[in-house]
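To start, the structure under review is shown below, and the notes come after it.
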Amino acid sequence: MPDAPGLELIAQDLNGVAEGSVLGTYHEHGQGCLIVEPDRILDVLRWLRDEPTQQYRFLSSLHGVDYLPAEPRFGVVYDLLNMPRIERLRVRAALADPGGEDLPEIDSCVELFPAAEFQEREVYDFFGIVFRGHPDLRRILMPEEYVGWPQRRDFPVGGEPVIFTRDEPVMPRWYE
Amino acid sequence: MKREKLRALSPLEEAPAPTDLRVRQIRARDLLRGDLEGPDLEQHVEESVLTTTMQKLTGWGRANSIFPATFGLACCAIEMMSIVSPRYDIARFGAENMRASPRQADMLILSGRVSIKMAPVCRRIYDQMLEPKWVVSMGACSSSGGMFSNYAVVQGADKFMPVDIHVPGCPPRPEALIYGFNKLQKMILGNPDPGWRRRYNAAGTEEWAREATGDASKEEIEAYEAARDLTATHEAARSRATRGGRA
């Protein structure tokens, strides 16, 4: 793992290569995280993959997060792994909610990491984050005709209330 | 009393004397020769012919040779798989032959939660099965959604297919599934278990009973039940006593 000063060095180098791409860093639980500008995400990932001193060539996970009360609301998290040094680095793109029916958008990284294809479809399926340039952006787990983005925090949990006869004292004549 | 007559005829009670056997043998020989007439013929028919209706006979055959479909949905499927093992052995009830094709299966066990993406698949498998067919909903999830009260799981499989038996549990033990299967067998025989209707004195409110039993009167159903439950006479007598006491 890059330690806290190492993480700062990576952020510094990245800001040198792609101006203004890194918005912040934090280091906790022994793992560093770069918070990056969503529009520069491909520059950041490409540099981390191809730069000879970095070589984070393996995308071990790509996932979405919804931090609803916070702004910006959405996050797309890329967990990178440097196989020779066994070092992990997390890159997070913070996406604002455009509001209304519009969906947040970010560039697809399938051209850099082909393994991201299904994971980006999953993030689209559950959070409604659109990946620009994805070859086949469809729902992957929910049925294709499903409406809504079920893992968002403001999505209703669903299900049906089940009332048992033992609840009769609490809710008298519930069956009517 | 009908029951006492049945018991007298039951071969388990006492073995016939050797002379009786010899008499029957001679009578059978005479019948084949065409010499048997009058009261002897009457007695021979009464002793050697079992009368029933075609419906009961086919029901008996169907109930005792059910082919379940090899179809597992979730963790309940592990319990379902073990019912064919030697320890639980559903072969005792004639249903050990799991068929991999819905075309050859009679019974579908919905063993686990049905997600909304899986529901059309389940329905399609059910539609592909040939009549007569039965569905057992196994466990809380397929009966009511269970703990998965969320956006992805169908809240009860009877929203998209007819279910005959619901087996409660999370997951039900294999014994529970076999018990539910025995209830299904009773249902196929035209002698369904009244369940809560026995407790609440609500016999006759079933919407399908008339069709399944073919316009049988209440007395006929009870006589049939008594004949089938010969081994559980004390239980039947007790329930009849409580029913009489309430009425």
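Going down the list, the sequences are from chains A and B. Residue numbers for the first sequence follow the numbering used here, beginning at 965 and rising by one. Residue numbers for the second sequence follow the numbering used here, beginning at 1026 and rising by one. Each residue gets a CB set at the ideal place from its N, CA and C atoms; glycine is no exception.
| Item | Value |
| --- | --- |
| Residue range of the alpha helix (DSSP H) that includes A/A954 | In the structure as shown, chain A begins at 965 and stops at 1140. Residue 954 of chain A is therefore absent and cannot be evaluated. |
| B/W1159 - partner residues in DSSP beta bridges | B/M1132 |
| Rounded straight-line distance, which links the Cα of B/I1051 to that of B/D1060 | 11 Å |
| CB of A/H1098 within 9 Å of CB of A/Y1110, strictly | no |
| Test item: CB-CB of A/N979 and A/Q1019 under 9 Å | no |
| Pair within 9 Å by beta-carbon distance, B/P1157 and B/D1183 | no |
| Buried versus exposed call for B/M988 [16 or more other C-beta atoms within 10 Å across all chains shown] | No information on residue 988 of chain B is available, as it lies outside the stretch 1026 to 1272 that chain B covers here. |
| Spatial distance of A/L971 from A/E1081 (CA atoms) | 28 Å |
| Where A/G1092 meets chain B, residues with beta-carbon distance less than 7 Å | Here the premise fails: no neighbours, minimum Cβ distance about 14 Å. |
| Assigned secondary structure, A/T989 (DSSP; H/G/I helix, E/B strand, else coil) | strand |
| Residue-level contact to chain B via CB, A/E1124, 9 Å cutoff | yes |
| Euclidean distance between Cα positions of A/R1096 and B/A1088 | 58 Å |
| Contact set between A/V1087 and chain B, taken where Cβ atoms lie within less than 8 Å | What A/V1087 touches in chain B: nothing, since even the nearest Cβ is about 16 Å away. |
| The stretch 1035-1043 of chain A touching the stretch 981-993 of chain A, judged by at least three CB pairs closer than 8 Å | no |
| Any C-beta of chain B under 9 Å from that of A/L1032 | no |
| Distance between A/G1092 and A/S1025 (C-alpha atoms, nearest Å) | 18 Å |
| Reference B/W1085; option with closest CA among B/P1187, B/N1207, B/K1243 | B/N1207 |
| A/P1099 in three-state terms, based on DSSP | coil |
| Short-range partners of chain A found in the stretch 1129-1146 of chain B, where Cβ spacing is below 7 Å | I1141, K1142 |
| Entirely enclosed beta strand (DSSP E) segments - the stretch 988-1048 of chain A, minimum 3 residues | 995-1000, 1022-1030, 1038-1046 |
| heavy atom of the ligand MN below 8 Å from B/V1192 C-beta | With respect to small molecules bound, the structure shown includes none, and the ligand MN cannot be examined in it. |
| Rounded straight-line distance, which links the Cα of A/L1076 to that of A/A1057 | 16 Å |
| B/M1090 versus B/Y1113, B/G1119, B/L1214, residue with shortest Cα-Cα distance | It should be pointed out that residue 1090 of chain B corresponds to Ser in this sequence rather than to Met. Considering only alpha carbons, the answer is B/G1119. |
| A/A1009 burial status per 10 Å Cβ neighbour count (16 or more: buried) | The question names Ala, yet the displayed sequence has Leu at residue 1009 of chain A. By the neighbour-count rule (16 or more Cβ atoms within 10 Å), A/L1009 is buried. |
| Beta-carbon neighbours of A/V1121, restricted to chain B and to distances below 9 Å | S1174, N1175, Y1176 |
| Close Cβ partners of A/G1112 (< 7 Å) along its chain, the five nearest in sequence each way excluded | F1119 |
| Proximal residues, the stretch 1177-1188 of chain B versus chain A, C-beta separation under 9 Å | A1177, V1178, Q1180, G1181 |
| Reference B/G1215; option with closest CA among B/Q1068, B/D1055, B/M1079 | B/M1079 |
| Distance between beta carbons of B/G1205 and B/G1164, contact taken as under 8 Å | Not confirmed; about 10 Å, so no contact. |
| Test: A/M1135 CB closer than 9 Å to a CB of chain B | no |
| Where B/I1108 sits in the DSSP three-state scheme | coil |
| Inter-residue spacing [alpha-carbon to alpha-carbon] between B/E1071 and B/D1045 | 15 Å |
| Backbone CA spacing between A/L1012 and A/R1116 [nearest angstrom] | 30 Å |
| Short CB-CB distance (under 9 Å) between A/L1105 and chain B | yes |
| Span of the beta strand (DSSP E) around A/L1105 | From DSSP, A/L1105 is part of no beta strand (DSSP E); its letter is neither H nor E. |
| Whether B/P1127 touches B/A1094 by CB criterion (9 Å) | yes |
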